[in-house]
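A.B. asks:
Residue numbers (my numbering), protein chains in the order written: chain P, 1 to 247; chain F, 1001 to 1247.
#1: Please determine, among 1043/F, 1052/F, 1110/F, 1041/F, the residue with the shortest C-alpha to C-alpha distance to residue 38/P.
#2: Quick one: which chain F residues come within Cβ less than 9 Å of residue 214/P?
#3: Label residue 1245/F either buried or exposed according to how many other C-beta atoms from any shown protein chain fall within 10 Å of its C-beta, with 16 as the threshold for buried.
#4: I need the straight-line Cα distance from residue 25/P to residue 173/P, nearest angstrom please.
#5: Would you say residue 32/P faces chain F, with C-beta separation under 9 Å as the test?
#6: For the putative contact between residue 314/P and residue 164/P, defined by C-beta atoms under 8 Å, what is the C-beta separation to the nearest angstrom?
#7: Just to confirm the assignment, what range does the alpha helix (DSSP H) spanning residue 1021/F have?
#8: Among 143/P, 219/P, 44/P, 18/P, whose alpha-carbon lies nearest the alpha-carbon of residue 1075/F?
#9: Just to confirm, are residue 1116/F and residue 1032/F a CB contact at a threshold of 9 Å?
#10: Quick one: what's got a C-beta closer than 7 Å to residue 1013/F's C-beta in the same chain, skipping five residues either side?
#11: Under 9 Å between C-beta atoms, does residue 246/P make it to chain F?
#12: Assign residue 77/P to one of three DSSP states: helix, strand, or coil.
#13: Out of 15/P, 42/P, 80/P, 21/P, point me to the one whose CA is closest to residue 48/P's CA.
#14: Could one say the Cβ of residue 1051/F lies closer than 9 Å to chain P's Cβ atoms, at least one of them?
#15: So, with DSSP's three-state summary, where would you put residue 1148/F?
#16: Alpha carbon to alpha carbon, how far is residue 1040/F from residue 187/P? Give it in angstroms, no decimals.
#17: Let's test the definition: count the other Cβ atoms within 10 Å of the Cβ of residue 1206/F and tell me whether it reaches 16, buried, or not, exposed.
#18: Are any of the Cβ atoms in chain F nearer than 9 Å to that of residue 59/P?
#19: Is the CB of residue 1083/F under 9 Å away from at least one CB in chain P?
#20: For residue 1233/F, name the three-state secondary structure that DSSP assigns.
#21: For a quick check, are the C-beta atoms of residue 136/P and residue 155/P less than 9 Å apart?
#22: Hey, is residue 233/P's beta-carbon within less than 9 Å of any beta-carbon in chain F?
#23: Residues in the stretch 1096-1121 of chain F with C-beta within 9 Å of chain P's C-beta atoms, listed in sequence order?
#24: By the criterion of Cβ-Cβ separation under 9 Å, what are the contact partners of residue 42/P in chain F?
#25: Establish whether the CB of residue 1191/F and some CB of chain P are separated by less than 9 Å.
#26: With burial defined as no fewer than 16 other Cβ atoms inside 10 Å of the residue's Cβ, what is the status of residue 96/P: buried or exposed?
#27: Return no unless some Cβ of chain P is closer than 9 Å to the Cβ of residue 1176/F.
#28: May I have the straight-line CA-CA distance separating residue 1059/F from residue 1130/F, to the nearest angstrom?
#29: With a Cβ-Cβ cutoff of 9 Å, do residue 1178/F and residue 1209/F count as a contact?
#30: To the nearest angstrom, how far is the alpha carbon of residue 1247/F from that of residue 1090/F?
#31: Rounding to the nearest angstrom, what Cα-Cα distance links residue 1134/F and residue 1055/F in this structure?
#32: Expressed to the nearest angstrom, what Euclidean distance is found between the alpha-carbon atoms of residue 1224/F and residue 1017/F?
#33: Buried or exposed: residue 1229/F, going by 16 or more other Cβ atoms within 10 Å of its Cβ?
#34: Which whole-angstrom value describes the C-beta separation of residue 220/P and residue 185/P, a residue pair presumed to lie in contact below a C-beta threshold of 8 Å?
#35: Just the C-alpha distance for residue 1028/F and residue 147/P, rounded to the nearest angstrom, thanks.
#36: Below 8 Å on the Cβ atoms is my contact criterion, and I expect residue 151/P with residue 126/P to pass it. Report the Cβ-Cβ distance as a whole number of Å.
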């Protein structure tokens, strides 16, 4: 019997958005090999929606979310976390500053996605990107993917607005049904441009494109919520090597 | 524009089980009237699976979960919660003791379900019950429903094992696909016995019977996760009466 639960809390800095933070906790539990409650990873989710909008800060001079995120990570540290996960891609524009503000290891969502591409058998190739305007404009994925041997296919500004941001805003406004079509259209365009896989590189997008509908899209998808959950589970396994055998 | 987020945290004592705790956070966000992240309820989910099994404690002399639950509620109180929700029906067998251990209001999941029956237009009638053996054996729902003018239809011990516990254990073991059939069969039997509605009175059961499949069952269902989420949202609305008009 494996038991991650002897470890301390996984601290989750959520609320960016709240549906994505909760979906991360759900997928974490769903992807954890466990036969009973007591074998799951103890998790502390601070799903605080008051963190100022990350995209607005970068694209439109909005309030800086960094002090709120640092406050959140330190809250989780004080509460007993041993590891931090941040289920928001755009927040990773401040990754270095957040990681410097805590003594805890902080999972990196972009690296988690690249690890997930490898798990799916993609060690090179052309990766289509979906995400917020800020994430794509500032090259968050491009930088990491290109450094690790991938090419990127990036939507232009109008496509980001029409396919990514329209879908993301629908999820943030609790209109999940309206979120699917623009995301699916965006994925189809990236596929037509030669993508071998598409990254759902904003944590709202996995909610826009439910698992059940993904096979119909005819392309490999990697999902930044699931990828981050898998990275957290792998970290707990690595911390408890005797469990690796049992799992 | 409404904004629940000026309030303090909703503290969620989760982990019983972890999938149910996370699903509660997800449904809370999904059911909250909100157009943007910043309008959601700040939530602190302590999804700690180390709490000893509630059913075992009541039915088989297992370790008493009460000290763990009290510790969890006090943790949430120290962390800044203003209200407590416990997305586990069986845990409510200890409701009085938990509520006495904190100065915070603690939502009562059984009352939330009864309020949800009324929201659905059912002010009396025969209510079929699904839940853990401990919840049903100790009359948790029966006591509250009968005091408020309902009749109860309760599965016998063999039915509880075959239809409720089989489904609950499948969810706790992350086998959601295997969880549907026994729950659906149990609901059909309660319907055949004359139930006007069926209560999914264990927080694993809403995961066994996904929203999309419910209309096919041909009977009114109330879901203890959604009911508790609605009760939490109503509490935040009541605390901010100026928002009630806007919502």
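Backbone N, C-alpha and C fix where the C-beta goes; we use that ideal spot for every residue, glycine too.
C.D. replies: With the structure as the only source:
#1: It is 1052/F.
#2: Taking a Cβ-Cβ threshold of 9 Å, none of the residues of chain F is close to residue 214/P; the smallest such distance is about 16 Å.
#3: Confidence is the limiting factor: at residue 1245/F the pLDDT is only 34, short of 50, which leaves the residue's position unreliable, though a coordinate-based value still follows. Burial is judged here by how many other beta carbons sit within 10 angstroms of a residue's own beta carbon; residue 1245/F has fewer than 16 and is exposed.
#4: Whole-angstrom Cα-Cα distance: 20 Å.
#5: Taking Cβ atoms only, chain F reaches closer than 9 Å to residue 32/P, which makes this a yes.
#6: Nothing can be reported for residue 314/P, as the shown portion of chain P is limited to 1 through 247.
#7: Residues 1018-1031.
#8: For the residues 143/P, 219/P, 44/P, 18/P, the minimum Cα distance to residue 1075/F belongs to 44/P.
#9: Cβ atoms of residue 1116/F and residue 1032/F: not closer than 9 Å.
#10: Here the set comprises 1046, 1069, 1072, 1073, 1076, 1084, 1086.
#11: The pLDDT assigned to residue 246/P is 33, lower than 50, so where the model puts this residue is not dependable; a value taken from the coordinates is nonetheless given after this. Chain F, which has no Cβ nearer than 9 Å to the Cβ of residue 246/P, makes this no.
#12: It is helical.
#13: For residue 48/P, the closest of 15/P, 42/P, 80/P, 21/P by C-alpha to C-alpha distance is 15/P.
#14: Interface annotation, residue 1051/F: in contact with chain P, CB-CB separation under 9 Å.
#15: Residue state, collapsed to three classes: coil.
#16: The C-alpha of residue 187/P lies about 29 Å from the C-alpha of residue 1040/F.
#17: With 16 or more other Cβ atoms inside 10 Å of its own Cβ, residue 1206/F counts as buried.
#18: Judged by the 9 Å Cβ criterion, residue 59/P is not in contact with chain F.
#19: No, residue 1083/F lies away from the interface with chain P (no Cβ there is under 9 Å from its Cβ).
#20: If DSSP states are grouped into helix, strand and coil, residue 1233/F belongs with the helices.
#21: Yes, the Cβ-Cβ distance between residue 136/P and residue 155/P is below 9 Å.
#22: False, the Cβ-Cβ gap to chain F never drops below 9 Å.
#23: Among the residues of the stretch 1096-1121 of chain F, none has a Cβ less than 9 Å away from any Cβ of chain P.
#24: Correct list: 1015, 1018, 1046, 1047, 1048, 1049, 1050.
#25: So no, residue 1191/F is outside the interface.
#26: Burial call: exposed.
#27: Against chain P, the CB of residue 1176/F has a partner CB under 9 Å away; the residue lies at that interface.
#28: Rounded to whole angstroms, residue 1059/F and residue 1130/F show a C-alpha spacing of 17 Å.
#29: The answer is no: Cβ separation not under 9 Å.
#30: Note on residue 1247/F: pLDDT 30, under 50, position unreliable in the model; no value is reported.
#31: Straight-line Cα distance between these residues: approximately 5 Å.
#32: Between residue 1224/F and residue 1017/F, the C-alpha separation is close to 14 Å.
#33: Answer is buried; the Cβ neighbour count reaches 16.
#34: Residue 185/P and residue 220/P do not touch by the CB rule: their CB atoms are close to 18 Å apart, not below 8 Å.
#35: For the pair residue 1028/F and residue 147/P, the Cα-to-Cα distance works out to about 40 Å.
#36: Yes, they are in contact, since the Cβ atoms of residue 151/P and residue 126/P sit about 5 Å apart, within 8 Å.
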